[in-house]
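Engineer:
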Amino acid sequence: MMTNIHFQYKLILCLSLIVFSSCKHEKVYQAALFDINVNLNELPNSKQPIFSERHLKSKEQKWVGGLFGSDQFEEWNEVLYHNTVIRIDPQVASPDNSESSAYPSRERSQYDFYDVTYINPTKTSFIARISGPYSIGNRFYLITAQKLGLKVYSIDRPTVIEGDRQCENRDMLKIGPNLLMVDHDYIFNQGTGKAYEITRPGKDRIRGEFAALSPDEQTIAFTTDHQLYQCHYPSGKVHVEPIDDPQLSKMVNHKTKEWPYNYFSWITVDGKMFLHPIL
1 MMTNIHFQYK LILCLSLIVF SSCKHEKVYQ AALFDINVNL NELPNSKQPI FSERHLKSKE
61 QKWVGGLFGS DQFEEWNEVL YHNTVIRIDP QVASPDNSES SAYPSRERSQ YDFYDVTYIN
121 PTKTSFIARI SGPYSIGNRF YLITAQKLGL KVYSIDRPTV IEGDRQCENR DMLKIGPNLL
181 MVDHDYIFNQ GTGKAYEITR PGKDRIRGEF AALSPDEQTI AFTTDHQLYQ CHYPSGKVHV
241 EPIDDPQLSK MVNHKTKEWP YNYFSWITVD GKMFLHPIL
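Residue numbers (this note's numbering): 1 to 279.
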């Protein structure tokens, strides 16, 4: 009799552990470097939401902020793929063509998504912004549901930054009704779910500020050091216009919505729009 009771107790304990572990489904995904050829609309006819979001708050306070910090209730945002919490391994292998690597190697898997931005109408692909180490800043990941399962990509194009690295942008900007620009390196069209690579002037990201988007929304202009750097992103074609010192000084001190149209106008050449000086 005692043997049967002991056996039943062990069985209940085992079942309890199974139930407890099954309540917390999570999976760590290894991020690969993003490739614009990835089909972000591979599941166009999803009948129910693939992803769900939830905001969680710790029941216990934790000291946050170092010497001058305070006890706080930790809060975070999770995203679930079906019923599984998405965790991301921040380690990304350095590509062969990268002369140096800033990719982290000893970090805990990331799951606190600061924000989630869907990049296609069916909401089967999204960009997540996650805070990285102080030396790295924001990190952007693209998560996409594919026929063979979930895929995670790091939107972190290899770069060689010289100096103090202040121009390592790591930002996402909405530049048109359906256009998102990430890190001055990629354009995502939320209306079509397509991605494009912005042509760089060299190995580094474009060192400058977003200035203008052409009326056909296919050319992006940046104000860089004494230049107006423009990229027709569907073709990758680049056009550069010099900015003389008086114009640059006026732009820096009195930047308005009219810049750069005080000095330039859009001209179409071979089906591509670029800003040219007003004569």
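Glycine included, C-beta positions come from ideal geometry on N, C-alpha and C. None of the values given here were measured: they were computed from a predicted structure.
Count the other C-beta atoms from every protein chain shown that fall within 10 angstroms of the C-beta of Pro90, then say buried if there are 16 or more, exposed otherwise.
Structural biologist: As a working note, residue 90 is residue 90 in the sequence shown. Per the 10 Å Cβ criterion, buried.
Engineer: On the DSSP bridge list, what partners appear for Asp89?
Structural biologist: Position 89 of the sequence shown, counting from 1, holds the residue named residue 89. Partner(s): Gln30.
Engineer: So Arg87 and Gln110 are supposed to be a Cβ contact under 8 Å. How far apart are they, rounded?
Structural biologist: Against the sequence shown, residue 87 aligns to sequence position 87. Against the sequence shown, residue 110 aligns to sequence position 110. With 8 Å as the limit, Arg87 and Gln110 qualify as a contact, their Cβ atoms being about 7 Å apart.
Engineer: With distances taken from CA atoms, which of Ala145, Tyr114, Tyr141 is nearest Ala125?
Structural biologist: Numbered from its first residue, the sequence shown carries residue 125 at position 125. The sequence as given places Ser at residue 125; Ala does not occur at that position. Ranking the options by Cα distance to Ser125, first place goes to Ala145.
Engineer: Would you check if the distance between the CB atom of Val38 and the CB atom of Lys151 is smaller than 9 Å?
Structural biologist: Counting from one through the sequence shown, the residue named residue 38 turns up at place 38. Counting from one through the sequence shown, the residue named residue 151 turns up at place 151. Result yes, Cβ atoms of Val38 and Lys151 sit closer than 9 Å.
Engineer: DSSP on Phe222, reduced to helix/strand/coil?
Structural biologist: Locating residue 222 in the sequence shown gives position 222, counting from the first residue. Looking at Phe222 - three-state DSSP - the assignment turns out to be strand.
Engineer: So for Gln8, helix, strand or coil by DSSP?
Structural biologist: Within the sequence shown, the letter at position 8 stands for residue 8. With a pLDDT of only 49 at Gln8, under 50, the local geometry of the prediction cannot be trusted, and no value is derived from it.
Engineer: Helix, strand or coil: which one does DSSP assign to Phe188?
Structural biologist: Counted from its first residue, the sequence shown places residue 188 at position 188. If DSSP states are grouped into helix, strand and coil, Phe188 belongs with the strands.
Engineer: Grab me the residues of Pro201's own chain with a C-beta within less than 7 Å of its C-beta, minus the 5 sequence neighbours each way, in chain order.
Structural biologist: For this step, residue 201 is matched to residue 201 along the sequence shown. So the list reads Tyr229, once near-sequence residues are dropped.
Engineer: Could you tell me how far apart the beta carbons of Leu142 and Phe222 are, in whole angstroms, since I believe they sit closer than 8 Å?
Structural biologist: Start at 1 with the first residue of the sequence shown, and residue 142 comes out as number 142. Start at 1 with the first residue of the sequence shown, and residue 222 comes out as number 222. In fact, because the Cβ distance is near 23 Å, the residues do not count as touching under 8 Å.
Engineer: For Lys203, which residues in the same chain have their Cβ closer than 7 Å to its Cβ, ignoring the five residues on either side in sequence?
Structural biologist: For the purposes of this step, residue 203 is taken as the residue at position 203 of the sequence shown. Sequence-distant partners of Lys203 (beyond 5 residues in either direction) whose C-beta falls short of 7 Å from its own C-beta, in its chain, are Thr159, Val160.
Engineer: If we ignore side chains and look at the alpha-carbon of each, how far apart do Leu180 and Ser154 end up?
Structural biologist: On the sequence shown, residue 180 is found 180 positions in, with the first residue counted as 1. On the sequence shown, residue 154 is found 154 positions in, with the first residue counted as 1. So the two alpha carbons sit approximately 16 Å from each other.
Engineer: Cβ of Glu241 within 9 Å of Cβ of Phe210?
Structural biologist: In the sequence shown, the residue the question calls residue 241 occupies position 241. In the sequence shown, the residue the question calls residue 210 occupies position 210. Not a contact, by the Cβ cut-off of 9 Å.
Engineer: Taking only three categories from DSSP, how would you classify Phe113?
Structural biologist: Locating residue 113 in the sequence shown gives position 113, counting from the first residue. Correct three-state label for Phe113: coil.
Engineer: Does DSSP put Leu40 in a helix, in a strand, or in coil?
Structural biologist: Working through the sequence shown from its first residue, we reach residue 40 at position 40. In this structure, Leu40 counts as coil in the three-state DSSP scheme.
Engineer: With distances taken from CA atoms, which of Trp63, His55, Val85, His226 is nearest Trp76?
Structural biologist: One-based indexing of the sequence shown puts residue 76 at position 76. Comparing alpha-carbon positions, the option among Trp63, His55, Val85, His226 lying closest to Trp76 turns out to be His55.
Engineer: Closer than 8 Å by C-beta to His236: which residues in its own chain qualify, once you throw out the five before and the five after it? Chain order, please.
Structural biologist: As a first step, residue 236 must be located in the sequence shown, where it is residue number 236. The identity of residue 236 in the sequence shown is Gly, whereas the question assumes His. If we look at Gly236 and ignore the five residues flanking it on each side, its Cβ neighbours are Glu197, Thr199.
Engineer: Taking a contact to mean a Cβ-Cβ separation below 9 Å, would you say Asn120 touches Gly193 in this structure?
Structural biologist: If you number the sequence shown from 1, residue 120 lands on position 120. If you number the sequence shown from 1, residue 193 lands on position 193. For Asn120 and Gly193, yes; Cβs fall inside 9 Å.
Engineer: Ordered along the chain, which non-local residues of its own chain (more than five positions away) have a Cβ less than 7 Å from that of Glu26?
Structural biologist: Reading the sequence shown from its first residue, position 26 is the one you call residue 26. So the list reads Thr84, Val85, Arg87, once near-sequence residues are dropped.
Engineer: On the CB-based measure, 16 or more other CB atoms within 10 Å of its CB, does Phe68 come out buried or exposed?
Structural biologist: As a working note, residue 68 is residue 68 in the sequence shown. Exposed, by the Cβ-count rule.
Engineer: Classify Gln48 as buried or exposed, calling it buried when 16 or more other Cβ atoms lie within 10 Å of its own Cβ.
Structural biologist: Within the sequence shown, the letter at position 48 stands for residue 48. So Gln48 ends up on the exposed side.
Engineer: If you draw a straight line from the C-alpha of Asp115 to the C-alpha of Phe51, how long is it?
Structural biologist: Walking along the sequence shown from the start, residue 115 turns up at place 115. Walking along the sequence shown from the start, residue 51 turns up at place 51. Taking the straight line from one Cα to the other gives about 14 Å.
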